[in-house]
Amino acid sequence: MDRRPGWSVRLKLTLSYAGFLMLAGSLLLAAVWLFLLRYVPNRAMLYNPDDRPDGVFPIRSALLEVFAPRAAAVLAFLLVFGLVGGWILAGRMLAPLTRITDAARLATHGSLAHRIRLPGRRDEFRELADAFDAMLARLEAHVAEQQRFAANASHELRTPLAISKTLLDVARSDPRADTGELVERLHAVNARAIDLTEALLLLSRANQRSFTREAVDLSLLADEATETLLPLAEKHGVTIETGGDIAPTSGSPALLLQLTTNLVHNAIVHNLPEGGTVRVATSLRPATAVLTVENTGEHLTPELAATLTEPFQRGTERIHADHAGVGLGLAIAKSITQAHDGTFTLTPRPAGGIRVTVELPRPAPDTGG
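The sequence shown begins at 1 in this note's numbering and counts up by one.
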């Protein structure tokens, strides 16, 4: 926004300080004149050594002649003192604001690593500086995350396209190649690219919070997700155990069903080779509805578990598995949880596998009569 140049805040504070000092000085001198000199008589009779009247002396007018120039001198001194002192004090008071402004200018030019780190005890300026530092830290982390996401997404999208190009080049160089097998492989590669694109769109939709909130019961969503994925669980030899209480919340039924399905699907495909188990439970807490999905599987370190919600992160052997997916399942689940103002917690189980806990706010009680 273009603005016309104006007075600096430092100059305004200086003039305000000097003006207040002048006003206080004027009121003080007026008080001296009104409340002290008013008791001085206007005139006084002069007597000679013989106690005879020698004339009348105008005391108040004489005092006024002496008081007025000295009062003017005092006011002039207060004006100079107020201007100089106000300029110095305003500069010291606004020094933190200058540092904050410099940091903001650096941030506008793309430098998000700079921090103000204003020293001293807490006051309004230091609270502002600390809040600005926290904002810069979040922006820097968000930008870095977006850059990693863009790089990973580009790589993931490039892979199926490169595979399709290779298959087509091979088919073109060998006209006698089996076209049926080529079509099947191209179909599989194309399906994977479509799944990845749809996952990216879903992730973007969750981050934008572009959905209408409705009443949702997590226990019903858990039953629907487990019923849908039961054939996949049987294929992998995984047993699904469900249970829990009614868990009402509010949000997008489609997104919350996607969240639940992603968690159950992840728990099924990343399980033990044989005899694995998935447990899905819902419960209520004083302020939240809770969905818990845990599975058996390999032992994970807390450091590795913390990275599994990052986009395109699939763990150790998962990249080479035929069910590796697009690497966005847990990332989408976490984004959907955050879009619903919930918390997403991923904890390694001591016996192996992971436990995912999703807490979503419970709807406000209906106070209508």
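Cβ coordinates follow ideal geometry from the N, Cα and C atoms, glycine included.
If we ignore side chains and look at the alpha-carbon of each, how far apart do threonine 228 and alanine 171 end up?
-> Rounded to the nearest angstrom, the gap between the Cα atoms of threonine 228 and alanine 171 is 38 Å.
What residues match up with phenylalanine 344 in a beta bridge as DSSP calls it?
-> Its beta-bridge partners are Val358.
Residue range of the unbroken beta strand (DSSP E) whose run includes alanine 305 = From DSSP, alanine 305 is part of no beta strand (DSSP E) but of the alpha helix (DSSP H) over 302 to 307.
Measure the CB-CB distance between lysine 334 and threonine 357 and report whether it falls below 9 Å.
-> Against a cut-off of 9 Å, the Cβ pair of threonine 357 and lysine 334 comes out as no contact.
Leucine 284: first and last residue of the uninterrupted alpha helix (DSSP H) it sits in = DSSP places leucine 284 in no alpha helix (DSSP H) but in the uninterrupted beta strand (DSSP E) bounded by 276 to 284.
In this structure, does DSSP put isoleucine 240 in helix, strand or coil?
-> Shown here, isoleucine 240 sits in a strand according to DSSP, grouped into three states.
Quick one: does the C-beta of arginine 122 sit closer than 8 Å to a heavy atom of the ligand FAD?
-> Ligands in the displayed structure: none, and consequently the ligand FAD is not present.
How big is the Cα-Cα spacing for threonine 261 and arginine 285?
-> Distance between the alpha carbons of threonine 261 and arginine 285 is about 22 Å.
State buried or exposed for leucine 196, treating a residue as buried only when at least 16 other CB atoms are found within 10 Å of its CB.
-> Buried is the call here.
Under a three-way DSSP split, which group does alanine 289 fall into?
-> Under the three-state reduction of DSSP output, alanine 289 falls in the strand class.
Opposite glycine 251 in the DSSP bridges: which residues?
-> When beta bridges are read from the DSSP output, glycine 251 appears opposite Glu214.
What is the rounded straight-line gap between the Cα of valine 278 and the Cα of alanine 331?
-> Each residue's alpha carbon lies about 20 Å from the other.
With distances taken between CB atoms, is the gap from leucine 21 to alanine 90 smaller than 9 Å?
-> Using a Cβ distance threshold of 9 Å, leucine 21 and alanine 90 do not count as a contacting pair.
Is the CB-CB distance between alanine 305 and leucine 346 below 9 Å?
-> Yes, these two residues count as a Cβ contact at 9 Å.
Simplified DSSP assignment, three categories, for asparagine 266 = Three-state result, asparagine 266: helix.
Within 9 Å, strictly: CB atoms of leucine 97 and alanine 199 = Leucine 97 is not a Cβ neighbour of alanine 199, given a cutoff of 9 Å.
Give the DSSP-derived three-state secondary structure of asparagine 295 in the structure shown.
-> Collapsing the DSSP output to three states places asparagine 295 in a strand.
How is the alpha helix (DSSP H) around leucine 330 delimited, first residue to last?
-> 329 to 339 is the span of the alpha helix (DSSP H), which, as asked, contains leucine 330.
In whole angstroms, what separates the C-alpha of threonine 316 from that of histidine 270?
-> In this prediction, threonine 316 has a pLDDT of 43, which is less than 50 and means its spatial position is unreliable; what the coordinates show is noted afterwards. C-alpha separation (whole angstroms): 11 Å.
Are the Cβ atoms of phenylalanine 132 and isoleucine 88 separated by less than 9 Å?
-> Going by C-beta atoms, phenylalanine 132 is not nearer than 9 Å to isoleucine 88.
Using three-state DSSP, classify asparagine 387 as helix, strand or coil.
-> There is no way to answer for residue 387, as the model of the chain reaches only from 1 to 369.
Under three-state DSSP, which class holds proline 96?
-> Correct three-state label for proline 96: helix.
With 16 other CB atoms within 10 Å as the buried threshold, where does histidine 323 fall?
-> At histidine 323, the pLDDT of 42 sits below 50, so the modelled position is not reliable and the matter cannot be decided from this model.
Going by other Cβ atoms of all chains shown within 10 Å of its Cβ, with 16 needed for buried, is histidine 187 buried or exposed?
-> Around the beta-carbon of histidine 187, fewer than 16 other beta-carbon atoms lie within 10 Å, marking it exposed.
Could you tell me whether the Cβ atoms of proline 348 and threonine 301 are closer together than 9 Å?
-> Going by C-beta atoms, proline 348 is nearer than 9 Å to threonine 301.
Using DSSP with H/G/I as helix, E/B as strand and the rest coil, what is tryptophan 87?
-> Reduced to three states, the DSSP call for tryptophan 87 is helix.
Compute the distance between the beta-carbons of alanine 129 and leucine 118, then report whether it is under 9 Å.
-> In contact: alanine 129 and leucine 118 (Cβ atoms closer than 9 Å).
Chain C within 9 Å of arginine 172, Cβ atoms only = Of the protein chains in this structure there is only one, and it is not chain C.
Answer yes or no: do glycine 275 and asparagine 295 have a C-beta to C-beta separation smaller than 9 Å?
-> Result no, Cβ atoms of glycine 275 and asparagine 295 do not sit closer than 9 Å.
Under the three-state reduction of DSSP, which class applies to tryptophan 33: helix, strand or coil?
-> In the structure shown, tryptophan 33 sits in a helix (DSSP, three-state: H, G or I).
Looking at the structure shown, is leucine 139 part of a helix, part of a strand, or coil, going by DSSP?
-> In the structure shown, leucine 139 falls within a helical segment according to DSSP collapsed to helix, strand and coil.
Own chain, CB closer than 8 Å to isoleucine 246, minus 5 neighbours either side, in chain order = When the five nearest sequence neighbours on each side are left out, the beta carbons in the same chain lying within less than 8 Å of the beta carbon of isoleucine 246 are those of Asp217, Ser219, Thr282 and Leu284, in order along the chain.
Measure the Cβ-Cβ separation of leucine 378 and arginine 185 and say whether it is below 9 Å.
-> Only positions 1 to 369 of the chain appear in the structure, and residue 378 is not among them; the question remains open.
Taking all protein chains shown into account, do 16 or more other C-beta atoms lie within 10 angstroms of the C-beta of serine 154, making it buried, or fewer, making it exposed?
-> Within a 10 Å sphere around the beta-carbon of serine 154 sit fewer than 16 other beta-carbons, which makes this residue exposed.
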